[in-house]
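A.B. asks: In the working numbering, the protein residues as written are 1 to 358.
Even for Gly, the Cβ is constructed at its ideal location relative to N, Cα and C.
Being a predicted model, the structure only gives us computed values, none of them experimental.
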């Protein structure tokens, strides 16, 4: 049996790739990977990895990029006899809908990790067929069920590598200033980030850390406004992730709200926060707020009033660490069980497909 992974982004920005990859390794199933190196900074020399890269900016370049991407995928599909396809971004399933429905019916995974183009009728109609004819539908947030078509969905989560977490877990409160607020990962939604920087600007009680690809784009803004309590670190190696979290008091997850892209998602920062026993800042009226507050490790920051910073500082100083740890452990126990159930079901369906092909 041979499987083809298709990623319309960099591999280091697709952490859930490991969930599928490790399962295929466990089942001794071979695979190839086609990935789009959008940031032009990821070259993998393994024989079963195929890098695709297109330069250009703007909507037209983006459309042409996907046309070329589809062409390369078609070429790969013709060269090899794959038994199953694993598109790891919803847009990939959309641009390959003809192949999936007619050549790989019940032999592809439909994986949804984001709200994308659901506002368009044609996209929703295609999505309905993709959900109906897949081997299995997997979502990273139950919040997505609010906008997805009716169907059978299984939930898994973007859990980080747990092996190296123990030495980074925060078991005691840090009562000293400044409080380290960290946004670690791909830096997106820059206008929202500027709003965050403005809100905390030069407040000596807080240090903002934006760590990840595109962080440098905020440098000019900080310099123009003479804001000194912001630390910017651009693209880093995944192996350094834990060292950045080790120096973090509160996980920053203030992406914004009142748009489907942000209202229904569960960020992987949620799991870093829970696993490392660190509170997480979230926006109001989001699924992130619902989950983090219900499970006792979230703090909502609307950024509408200066007094919110006083409340945040008091919250951190008076944090009941033992209760926070208990809340985080209870949450992760439920998440791990849900992930395990999804993995067992996925394994069962893949093995059934392999048996048919044999």
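1. Between the region 87 to 105 and the region 339 to 354, are three or more C-beta pairs nearer than 8 Å?
2. Please classify residue 107: does DSSP put it in a helix, a strand, or coil?
3. What residue does the beta strand (DSSP E) around residue 34 start on, and which one ends it?
4. Taking 8 Å as the threshold (C-beta atoms), are residue 93 and residue 82 in contact?
5. For the pair the region 288 to 295 and the region 180 to 191, tell me if three or more CB-CB distances fall below 8 Å.
6. Hey, quick one: how far does the alpha helix (DSSP H) through residue 315 stretch, first residue to last?
7. Nearest to residue 227 by CA position, among 296, 203 and 70, is which residue?
8. Assuming residue 331 contacts residue 274 (C-beta within less than 8 Å), just tell me the rounded distance between them.
9. Whole angstroms are fine: how far does the CA of residue 86 sit from the CA of residue 104?
10. Assign residue 401 to one of two classes, buried (16 or more other C-beta atoms within 10 Å of its C-beta) or exposed (fewer than that).
11. Excluding five sequence neighbours on each side, which residues of the same chain lie with their C-beta closer than 6 Å to the C-beta of residue 234?
12. Just reading off the alpha helix (DSSP H) that residue 271 is part of, what are its end residues?
13. Mapping the DSSP letters down to three states, classify residue 223 as helix, strand or coil.
14. Let me make sure I understand the geometry here. Which of 336, 356 and 328 has the alpha-carbon closest to that of residue 171?
15. To the nearest angstrom, report how far apart residue 23 and residue 3 are at their CA atoms.
16. Is residue 202 helix, strand or coil by DSSP?
17. In chain order, what residues of the same chain have a beta carbon less than 6 Å from the beta carbon of residue 196, not counting five sequence neighbours either side?
18. Determine the closest residue to residue 157 out of 338, 9, 118 and 282, with distance taken between C-alpha atoms.
19. Between which two residues does the alpha helix (DSSP H) carrying residue 124 extend?
20. With a threshold of 8 Å, are at least 3 pairs of Cβ atoms found where one atom belongs to the region 35 to 43 and the other to the region 3 to 16?
21. Would you be able to state if there are at least three C-beta pairs under 8 Å between the region 291 to 307 and the region 316 to 328?
22. Grab me the residues of residue 117's own chain with a C-beta within less than 6 Å of its C-beta, minus the 5 sequence neighbours each way, in chain order.
23. Can you tell me whether residue 211 is buried or exposed? The criterion is at least 16 other CB atoms within 10 Å of its CB, across all chains shown.
24. Would you mind stating whether residue 281 and residue 301 have Cβ atoms separated by less than 8 Å?
25. How would you label residue 283, buried or exposed, when you count the other beta carbons within 10 angstroms and need 16 or more for buried?
26. Nearest to residue 51 by alpha carbon, out of 61, 58 and 68?
27. In terms of DSSP beta bridges, what is residue 96 paired with?
28. If I follow the unbroken alpha helix (DSSP H) through residue 254, where does it start and stop?
29. Report the residue from 5, 206, 62 and 140 whose alpha carbon sits nearest the alpha carbon of residue 335.
30. Less than 8 Å between the C-beta atoms of residue 88 and residue 17, yes or no?
31. Taking the alpha-carbon of residue 142 as reference, which of 78, 309, 263 and 72 has the nearest alpha-carbon?
32. Measure the C-alpha to C-alpha separation of residue 115 and residue 125 and round it to an integer number of angstroms.
33. Would you tell me roughly how many angstroms separate the C-alpha atoms of residue 173 and residue 119, rounded to the nearest one?
C.D. replies: So, to answer that:
1. no
2. Counted from its first residue, the chain shown places residue 107 at position 107. If DSSP states are grouped into helix, strand and coil, residue 107 belongs with coil.
3. Within the chain shown, residue 34 is the residue found at index 34, counting from 1. Counting along the chain, the beta strand (DSSP E) containing residue 34 begins and ends at 30 to 36.
4. By one-based count along the chain shown, residue 82 stands at place 82. By one-based count along the chain shown, residue 93 stands at place 93. Going by C-beta atoms, residue 82 is not nearer than 8 Å to residue 93.
5. no
6. Stepping through the chain shown from its first residue, residue 315 is reached at position 315. Residue 315 -> alpha helix (DSSP H) spans 307 to 317.
7. For the purposes of this step, residue 227 is taken as the residue at position 227 of the chain shown. The candidate whose alpha carbon is nearest that of residue 227 is 203.
8. Here residue 331 corresponds to residue number 331 of the chain shown, with the count starting at 1. Here residue 274 corresponds to residue number 274 of the chain shown, with the count starting at 1. With 8 Å as the limit, residue 331 and residue 274 qualify as a contact, their Cβ atoms being about 5 Å apart.
9. For the purposes of this step, residue 104 is identified with residue 104 of the chain shown, where counting begins at 1. For the purposes of this step, residue 86 is identified with residue 86 of the chain shown, where counting begins at 1. Approximately 11 Å between the Cα atoms of the pair.
10. No information on residue 401 is available, as it lies outside the stretch 1 to 358 that the chain covers here.
11. To locate residue 234, count along the chain shown from 1; it is residue 234. Once the five neighbours on either side are set aside, the close Cβ partners of residue 234 are 215 and 216.
12. For this step, residue 271 is matched to residue 271 along the chain shown. Its alpha helix (DSSP H) spans residues 268 to 276.
13. Against the chain shown, residue 223 aligns to sequence position 223. In this structure, residue 223 counts as helix in the three-state DSSP scheme.
14. Reading the chain shown from its first residue, position 171 is the one you call residue 171. For residue 171, the nearest C-alpha among the options comes from 328.
15. Looking up residue 23 in the chain shown gives position 23. Looking up residue 3 in the chain shown gives position 3. If I take the Cα positions, the gap works out to 12 Å.
16. Within the chain shown, residue 202 is the residue found at index 202, counting from 1. It is coil, neither helix nor strand.
17. Looking up residue 196 in the chain shown gives position 196. Taken in chain order, the residues that qualify are 254.
18. Looking up residue 157 in the chain shown gives position 157. Looking at the Cα atoms, 338 is the closest of the given residues.
19. Locating residue 124 in the chain shown gives position 124, where the first residue counts as 1. Taken as a continuous stretch (DSSP letters only), the alpha helix (DSSP H) holding residue 124 covers 121 to 132.
20. yes
21. yes
22. On the chain shown, position 117 is the one that residue 117 refers to. These residues qualify, in order along the chain: 123.
23. Along the chain shown, one-based indexing puts residue 211 at 211. Buried: at least 16 other Cβ atoms inside 10 Å.
24. Locating residue 281 in the chain shown gives position 281, counting from the first residue. Locating residue 301 in the chain shown gives position 301, counting from the first residue. Contact: yes.
25. Taking the first residue of the chain shown as position 1, residue 283 is located at position 283. Classification of residue 283: buried, given that the 10 Å Cβ count is 16 or more.
26. For this step, residue 51 is matched to residue 51 along the chain shown. With distances taken between Cα atoms, residue 51 lies closest to 68.
27. Indexing the chain shown from 1 puts residue 96 at position 96. None; residue 96 has no bridge partner.
28. On the chain shown, residue 254 is found 254 positions in, with the first residue counted as 1. Here residue 254 belongs to no alpha helix (DSSP H), and DSSP marks it neither H nor E.
29. Sequence index remark: in the chain shown, residue 335 carries index 335 (1-based). Among 5, 206, 62 and 140, the Cα nearest to that of residue 335 is on 140.
30. Here residue 88 refers to the residue found at position 88 when the chain shown is read from its first residue. Here residue 17 refers to the residue found at position 17 when the chain shown is read from its first residue. Contact: yes.
31. Position 142 of the chain shown, counting from 1, holds the residue named residue 142. Of the listed residues, the one whose Cα sits closest to residue 142 is 263.
32. The count along the chain shown starts at 1 and reaches residue 115 at position 115. The count along the chain shown starts at 1 and reaches residue 125 at position 125. About 15 Å.
33. Counting from 1 along the chain shown, the entry for residue 173 is found at position 173. Counting from 1 along the chain shown, the entry for residue 119 is found at position 119. Each residue's Cα considered, the two are about 44 Å apart.
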